[in-house]
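**Student:**
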Amino acid sequence: MTAPARIEAEIQSGGGTWRFPASRPLRLDSGATLAPLEIAYKTYGALNADKTNAVLVCHALTGDQHLASTHPVTGKPGWWDRFVGPGKPLDPTRHFIVCTNVIGGCMGTTGPASIDPATGEPYGLKFPVITIADMVRAQAMLIEDMGIETLFAAVGGSMGGMQVLQWAADYPEKLFSAVVIAAAARHSAQNIAFHEVGRQAIMADPNWCGGAYLQAGVRPEKGLAVARMAAHITYLSEAALQRKFGRELQRDGLSWGFDADFQVESYLRHQGASFVDRFDANSYLYITRALDYFDLAAQHGGVLAEAFVRARHVRFCVLSFSSDWLYPTPESRDVVRALNGAGCRASFAEIETDKGHDAFFLDEPLLDQTLKGFLAAQAQARGLYRRGLD
Amino acid sequence: MTRVREDFAEILKLVRPDARVLDIGCGEGELLELLTREKSADGQGLEISPEGVAACLARGLAVVQGDGDRDLDHFPSRAFDYAILSKTLQQMREPKHVLSELLRIADQAVVSVPNFGHWRVRWALLSRGRMPETGALPEPWWSTPNIHLCTLRDFVGLCDDLELRIDACASLADGRPARPIDPRAPIENWRAETALFLLSRKAEAQPAAAAGQQNLFGEVEPPRPQSAGPQPARPQPARARTAKAARKR
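Chains C and B, in that order, are what the protein sequence lines are. Sequential numbering of the first sequence, starting at 314, is according to my numbering. Sequential numbering of the second sequence, starting at 41, is according to my numbering.
(1) Quick one: any contact between the stretch 402-412 of chain C and the stretch 368-375 of chain C, if contact means 3 or more CB pairs under 8 Å?
(2) As an exercise, report each continuous alpha helix (DSSP H) stretch of at least 4 residues that is fully enclosed by the stretch 178-221 of chain B, in chain order.
(3) Below 7 Å CB to CB, which residues in the same chain sit around Phe-621 of chain C once its five sequence neighbours on both sides are set aside?
(4) Tell me whether the beta-carbon of Ala-94 of chain B lies closer than 8 Å to the beta-carbon of Gly-686 of chain C.
(5) Going by DSSP, what residue range makes up the alpha helix (DSSP H) through Phe-687 of chain C?
(6) Quick one: what does DSSP say Glu-173 of chain B is sitting in, helix, strand or coil?
(7) So what's Leu-380 of chain C in DSSP terms, helix, strand or just coil?
(8) Does any C-beta atom of chain B lie closer than 8 Å to the C-beta of Asn-653 of chain C?
(9) Using a Cβ cut-off of 7 Å, pull out every chain C residue sitting near Gly-100 of chain B, in sequence order please.
(10) Please check if any C-beta of chain B sits within less than 8 Å of the C-beta of Leu-679 of chain C.
(11) Starting from Gly-686 of chain C, find everything on chain B with Cβ-Cβ shorter than 9 Å and list it in chain order.
(12) Where DSSP assigns a beta bridge to Asn-298 of chain B, which residues make up the other side?
(13) To the nearest angstrom, how far is it from the Cα of Pro-265 of chain B to the Cα of Pro-435 of chain C?
(14) Under three-state DSSP, which class holds Asp-429 of chain C?
(15) Measure the alpha-carbon distance for Gly-108 of chain B versus Gln-131 of chain B and round it to whole angstroms.
(16) Below 8 Å between beta carbons: does that hold for Ser-152 of chain B and Asp-82 of chain B?
(17) Could you give the distance in angstroms between the alpha-carbon of Ser-240 of chain B and the alpha-carbon of Phe-607 of chain C?
(18) Using 8 Å as the threshold, is the C-beta distance between Ile-64 of chain B and Ala-123 of chain B below it?
(19) Can you look up Trp-331 of chain C in the DSSP assignment and give me helix, strand or coil?
(20) Considering only residues of the stretch 446-487 of chain C, which uninterrupted alpha helix (DSSP H) runs meet the minimum length of 4 residues and lie entirely inside it, listed in chain order?
(21) Judging by CA-CA distance, which residue of B:Gly-215, B:Pro-217, B:Ala-210 is the nearest neighbour of Ala-225 of chain B?
(22) Within its chain, find whatever has a CB closer than 6 Å to the CB of Gly-92 of chain B; leave out the 5 residues flanking it on each side and keep chain order.
(23) Going by Cα to Cα distance, which pick from C:Ala-529, C:Ala-466, C:Tyr-640 is closest to His-626 of chain C?
(24) So, helix, strand or coil for Arg-99 of chain B, using DSSP?
(25) Just the C-alpha distance for Met-171 of chain B and Trp-230 of chain B, rounded to the nearest angstrom, thanks.
(26) Looking at chain C, is there any beta carbon in it that lies within less than 8 Å of the beta carbon of Val-20 of chain B?
(27) By Cβ distance below 6 Å, which residues in the same chain neighbour Thr-346 of chain C in space, the five residues on each side in sequence not counted?
(28) Determine which residues share a DSSP beta bridge with Val-104 of chain B and list them.
(29) Out of curiosity, what's the CA-to-CA distance linking Arg-384 of chain C and Leu-71 of chain B?
(30) Just curious, the alpha helix (DSSP H) that Glu-70 of chain B is in, first and last residue?
(31) For Ala-451 of chain C and Leu-202 of chain B, I'd like the C-alpha separation in whole angstroms.
(32) May I ask you to report which of helix, strand or coil DSSP gives Ser-490 of chain C?
(33) Spatial neighbours of Glu-333 of chain C within its chain, please: C-beta separation below 7 Å, excluding the five flanking residues on both sides.
(34) Taking the straight line between their C-alpha atoms, what separation do you get for Ala-603 of chain C and Val-44 of chain B?
(35) Under a three-way DSSP split, which group does Glu-134 of chain B fall into?
(36) Enumerate, from N- to C-terminal direction, the unbroken alpha helix (DSSP H) stretches of 4 or more residues contained entirely within the stretch 581-660 of chain C.
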């Protein structure tokens with residue numbers, strides 16, 4: 314089978330793992346190359362004859378390609394299941410939806426747990442440091458092999474939103490519209506600080522073994538769980554934590570010890586413990602590093618608007634959440650200002666919610682309504698629904 | 041087609057085809073949609089309410105959630121051919137600043153204001169000695185969003201202060217067609233209930249900065265060196281929403 318025929322067969326079956334031969338390495342920002350490269354991805358819906366209805370959904374730090382399909386490890390619905398389906402903002406009856414696991418990830422795309430062809434052992438810390446731009450470059454290679462010249466939309470929240478911004482900067486000619494939710498154009502000192510806590514927790518776990526834990530047959534589960542617990546606090550607002558847990562106790566009375574007396578403690582421990590089942594500690598190190606290195610303005614002489622000058626034809630929708638203190642509204646406004654400054658068509662809304670950064674996974678009717686309206690209007694502008702679909 | 045609002049019909053006449061238009065306080069985007077359809081305008085809205093923003097997005101309009109009092113500063117200079125501010129200037133905290141901002145952002149501004157010098161207003165004040173409640177100013181003093189009311193003569197005075205040129209002026213009244221007026225004629229300060237102005241800068245137009253040469257805030261400046269030094273303070277987040285601003289629509 315030729316490459317296009319093979320990838321078409323994969324698409325027909327809803328996704329797979331696309332392998333680029335060693336002759337097509339991924340060139341990284343660091344100067345290193347990654348080969349052979351594998352990208353694990355899922356698809357929903359069918360690509361139309363003109364190949365104009367493709368939507369790339371970019372996942373967040375600990376997300377993966379299982380956008381709207383049962384997660385093979387946890388057995389839970391996909392991370393944005395709520396958003397995908399007939400009549401929903403992402404509609405497989407109209408859109409061809411692609412979601413890839415980012416490079417450095419641990420759900421099938423080449424990452425630190427993959428086998429290093431040079432040694433025959435897992436990469437571990439021999440895996441090169443990656444950036445958001447590297448993730449996007451890999452996605453662009455896959456999209457190219459699928460024969461898609463232009464994405465109808467690139468959509469993402471949090472780190473996914475950063476990838477969308479990077480798409481607009483690096484491949485504007487391949488974008489028709491872009492949706493950036495709860496993201497920022499750079500990582501702030503506070504963002505980096507929280508990530509450093511997480512990384513230190515992992516590296517302080519004796520089972521981390523200098524990154525070579527797979528060879529040692531152990532896993533730094535405790536460190537990774539603590540990293541997840543610290544990060545999880547940043548995904549929720551104070552108000553949401555208070556509303557959900559307050560000072561409620563797990564049992565009647567205090568233990569007068571260090572068990573999880575408070576419900577919030579128990580919740581965080583559960584978040585940490587369940588995370589380690591589905592995530593690789595080294596992937597966490599590499600992907601948080603990629604986020605920390607992200608600074609789109611710095612890539613363009615310190616002027617964010619410069620990143621978007623080639624994207625004037627792209628229609629942008631930028632959304633933030635009022636109680637998100639991880640990537641707060643002013644970060645999104647900076648992006649919108651830069652888009653305006655570059656002469657791009659940009660829309661922006663701040664969605665009023667007390668659910669914090671994680672609101673983009675949750676039931677937030679105004680988010681659905683806003684995104685659905687935006688994508689429907691873009692589809693009309695793109696001429697997507699003309700053939701009896703609407 | 042449903043009947044077009046009188047002020048919209050007048051604005052439609054003023055705006056030339058294919059223009060870039062910023063509508064401040066665009067609500068659910070009725071005017072922008074009209075301008076897009078009738079004048080193939082390239083429109084952008086600024087709207088404070090999330091519901092209005094969502095409605096605009098569903099209409100395929102580009103809209104930024106924000107407050108005209110605070111967020112005009114974020115738009116680059118001369119990014120638009122027209123900035124439209126319909127019956128809201130008198131609700132702004134700093135009308136003078138807003139007016140000059142409109143003409144920084146756009147080559148021309150379309151501004152409508154209720155005339156406090158209208159005879160009905162004068163009569164209500166004179167005869168009853170109370171704050172007037174008229175068709176153009178329907179709310180009682182304690183709930184009106186209008187905090188900076190002016191007469192036609194006051195507004196013309198402000199335009200003179202800011203060295204703005206009045207390119208066109210029309211008197212608007214409910215249910216009647218708009219009537220072109222000379223805003224400096226004393227009689228119009230009695231007769232016009234609401235006045236719609238097309239304004240531009242008197243001074244020779246500055247050449248527009250090419251997009252992309254501007255920084256985040258729309259100013260042209262050399263790239264900042266990447267240093268670890270303290271960052272300049274950023275504008276305050278648009279969070280506190282005043283009751284006044286919320287009523288603006």
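Every residue gets a Cβ at the ideal spot worked out from N, C-alpha and C, and that includes glycine. As the structure is a computational prediction, the values presented were derived from the model and not from experiment.
**Tutor:** Quick answer:
(1) Between the stretch 402-412 of chain C and the stretch 368-375 of chain C there are three or more inter-stretch CB-CB distances shorter than 8 Å, so the stretches are counted as touching.
(2) Those alpha helix (DSSP H) runs which fall completely within the stretch 178-221 of chain B and span 4+ residues are 192-201.
(3) Around Phe-621 of chain C: Ala-481, Ala-482, Ala-651, Leu-652, Ala-655, Cys-657.
(4) Going by C-beta atoms, Ala-94 of chain B is nearer than 8 Å to Gly-686 of chain C.
(5) Segment 678-695, the alpha helix (DSSP H) holding Phe-687 of chain C.
(6) In the three-state reduction of the DSSP assignment, Glu-173 of chain B falls in the coil class, being assigned neither a helical nor a strand state.
(7) The answer is coil: DSSP assigns Leu-380 of chain C none of H, G, I, E or B.
(8) By this cut-off, Asn-653 of chain C is an interface position.
(9) What Gly-100 of chain B touches in chain C: Ala-690, Gln-693, Ala-694.
(10) Yes, because at least one Cβ of chain B sits closer than 8 Å to the Cβ of Leu-679 of chain C.
(11) What Gly-686 of chain C touches in chain B, judged by beta-carbon distance under 9 Å, is Ala-94, Ala-95, Cys-96, Leu-97, Ala-98, Arg-99, Gly-100, going in chain order.
(12) Residue numbering for chain B in the displayed model covers 41 to 289; residue 298 of chain B lies beyond these limits and cannot be assessed.
(13) Confidence in Pro-265 of chain B is poor, its pLDDT being 45 and thus under 50, which makes the residue's placement unreliable; the coordinate value appears in the next sentence. Put simply, the backbone Cα of Pro-265 of chain B is about 40 Å away from that of Pro-435 of chain C.
(14) Judged by DSSP in its simplified three-state form, Asp-429 of chain C adopts strand.
(15) So the alpha carbons of these two residues sit roughly 10 Å apart.
(16) No.
(17) So the alpha carbons of these two residues sit roughly 42 Å apart.
(18) Yes, the Cβ-Cβ distance between Ile-64 of chain B and Ala-123 of chain B is below 8 Å.
(19) Reduced to three states, the DSSP call for Trp-331 of chain C is strand.
(20) Qualifying alpha helix (DSSP H) stretches, in chain order: 472-483.
(21) When C-alpha distances from Ala-225 of chain B are compared across B:Gly-215, B:Pro-217, B:Ala-210, the shortest belongs to B:Ala-210.
(22) Beyond the five residues adjoining it in sequence on each side, Gly-92 of chain B comes within less than 6 Å, by CB distance, of Gly-67, Glu-68 in the same chain, given in chain order.
(23) Considering only alpha carbons, the answer is C:Ala-466.
(24) Per DSSP, reduced to three states, the secondary structure at Arg-99 of chain B is coil, with no helix or strand assignment.
(25) A straight-line Cα-Cα distance of about 17 Å links Met-171 of chain B and Trp-230 of chain B.
(26) The question about residue 20 of chain B has no answer here: the residues shown for chain B are numbered 41 through 289.
(27) The beta carbon of Thr-346 of chain C is closer than 6 Å to those of Pro-338, Arg-340 in its chain, skipping five residues each way along the sequence.
(28) In the DSSP assignment, the residues bridged to Val-104 of chain B are C:Phe-661, B:Leu-86.
(29) Just to set this straight, residue 384 of chain C is His in the shown sequence, not Arg. Whole-angstrom Cα-Cα distance: 47 Å.
(30) Start and end: 70-79.
(31) Ala-451 of chain C and Leu-202 of chain B: Cα-Cα distance of roughly 54 Å.
(32) DSSP places Ser-490 of chain C in the strand class (E or B) of the three-state scheme.
(33) The amino acid occupying residue 333 of chain C in the given sequence is Phe; Glu does not appear at that position. These residues qualify, in order along the chain: Pro-349, Leu-350, Met-454.
(34) One Cα belongs to Ala-603 of chain C, the other to Val-44 of chain B, and the distance between them is close to 53 Å.
(35) The DSSP-derived three-state label of Glu-134 of chain B is coil.
(36) Taking only runs of at least 4 residues, the alpha helix (DSSP H) segments lying wholly in the stretch 581-660 of chain C are 594-606, 617-620, 642-655.
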